[in-house]
Amino acid sequence: MQLFRMSTKKSDEEWKCVLNPEQYRVARLKGTEAPFTGEYYHNKEKGEYLCVCCGSKLFDSSAKFDSGSGWPSFYQVYGSNGRDDSQTNVTRTEDNSLDSMRIEISCKQCGAHLGHVFEDGPKPTGLRYCVNSASLSFKKSE
1 MQLFRMSTKK SDEEWKCVLN PEQYRVARLK GTEAPFTGEY YHNKEKGEYL
51 CVCCGSKLFD SSAKFDSGSG WPSFYQVYGS NGRDDSQTNV TRTEDNSLDS
101 MRIEISCKQC GAHLGHVFED GPKPTGLRYC VNSASLSFKK SE
């Protein structure tokens, strides 16, 4: 598994130079893009979804599904063993920011905010990784 592609030790000013304003707001400031507006929400091409900040592999298109939530949704992280993300590029942390407990997902390599994971996804994992398009880039399969 590819752990990272570019230097992830950047200052806020350096991140602002390499990311567009929406990517910076979402990935570095833990923002959320408006539902149904993200670049990859309707993407049905085969390929890999990477961290927009460091290029780490996060999700494969084969795990993408239409959750109706308004954000790209995946039932599994790239390289995971079912529900176990411990050997992947995604980390989970508790998020109590909206007066309710959610589980935030971030890039393990650079700390970019990706979105949240919920327990209402399809088989085989029962998980729904709800991800902001602004936190992703896409590498189409050849």
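Heads up, the sequence shown is in UniProt numbering, so the first residue is 1 and it goes up one at a time.
Beta carbons are placed, not taken as given, at the ideal position from N, Cα and C, and that holds for glycine.
On a predicted model such as this, the values are computed, not experimentally measured, just so you know.
According to DSSP, simplified to helix, strand and coil, what is Ser-7?
Because Ser-7 sits at a pLDDT of 47, beneath the cut-off of 50, its placement in the model cannot be relied upon, and the point is left open.
Nearest to Glu-142 by alpha carbon, out of Asp-85, Lys-46 and Ala-27?
Lys-46
Less than 8 Å separating the beta-carbons of Lys-30 and His-113?
Between Lys-30 and His-113, the CB-CB gap stays under 8 Å.
Pro-21: which of Ala-134, Gly-126 and Asp-66 sits nearest, CA to CA?
Ala-134
Below 8 Å on the Cβ atoms is my contact criterion, and I expect Thr-91 with Ser-80 to pass it. Report the Cβ-Cβ distance as a whole number of Å.
In fact, because the Cβ distance is near 12 Å, the residues do not count as touching under 8 Å.
If we ignore side chains and look at the alpha-carbon of each, how far apart do Asn-132 and Ser-69 end up?
11 Å
Straight-line CA distance for Ser-56 to Tyr-75?
18 Å
For the beta strand (DSSP E) that Asp-60 lies in, which residues bound it at each end?
57-60
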